[in-house]
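In UniProt numbering, the protein residues as written are 1 to 244.
Virtual Cβ for every residue (Gly too), placed ideally from N, Cα, C.
None of these values were measured; they are calculated from a predicted model.
Worksheet: the structure to be examined is printed underneath.
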């Protein structure tokens, strides 16, 4: 096959993939979704979740997004990624009775919602060409196969859209499906977000400590070497003077 033929085939393939990607993005961006990069979060662990919020109104902008967490999930920690122009507020609610979390521990106060609010001059603009990603980490995750995280989208014209419909098994996707995240079974290693962070921090501190020690020993060695050279030079001079 000639080089020109290879190039033409590559261009055709790239164009086909690009069109498919655009079509897929158009379908996916029709509603609020919850996405996870990398492997599935584990039950009992921590997970990083990104909510992608598109704008479907032609003449209104999105100014508030609320994500709800079921109290029975007993998620005690939710952190968010700061976004310029948006504020975020995490709400915790006392539970009527303790609920076991994904680690089997009793939780008496659980996160029930996080609300992102646009500040003046900030918005997800009208039309279907804009969206905003809202990133969070949450845990400990419950012992369920799928997290259902309803979202409420508010527009600046007062319209409110609730993305809270759960898709039944074997049924077609509802008009306003709730964002969902699949969870993997807990592993025997007990790996978690905090464990990884702690291990990485310890490794960094150990590396820094080792580096500092090596530099100190190197400096001490140079100092001792210089002292030895000075002593040796003095002895040679004394020897020469004595011989004279």
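Residue 152 places its beta carbon less than 9 Å from that of residue 65. Two segments are said to touch when three or more pairs of C-beta atoms, one from each, lie closer than 8 Å; by this definition the region 156-172 does not touch the region 90-97. Contact between the region 141-149 and the region 176-183 is present, with at least three C-beta pairs closer than 8 Å. For residue 98, the closest of 88, 76, 43 and 113 by C-alpha to C-alpha distance is 76.
When the beta-carbon positions are compared, residue 61 and residue 49 stay at least 9 Å from each other. In this structure the region 68-88 lies against the region 108-120, because at least three pairs of beta carbons, one per stretch, are closer than 8 Å.
Pairing residue 154 with residue 123, the inter-Cα distance amounts to about 11 Å. Residue pairing from DSSP leaves residue 168 without any beta-bridge partner. DSSP places residue 132 inside the beta strand (DSSP E), whose first and last residues are 131-139. Of the candidates 130, 104, 109 and 119, the residue whose Cα lies closest to the Cα of residue 32 is 130. At the C-beta level, residue 104 and residue 47 stay beyond 9 Å of one another.
Residue 92 is bridged by DSSP to 111. Rounded to whole angstroms, the separation of the alpha carbons of residue 45 and residue 166 is 24 Å. The beta-carbon separation of residue 134 and residue 51, rounded to 5 Å, stays under the 8 Å limit for a contact. Burial state of residue 38 is exposed, judged by a 10 Å Cβ sphere holding fewer than 16 other Cβ atoms. Ranked by Cα distance from residue 71, the first of 177, 40 and 142 is 142. Shown here for residue 110: same chain residues with a beta carbon closer than 8 Å to its own, the five before and five after excluded, namely 69, 71, 73, 74, 75, 76, 92, 93, 95 and 99 in chain order.
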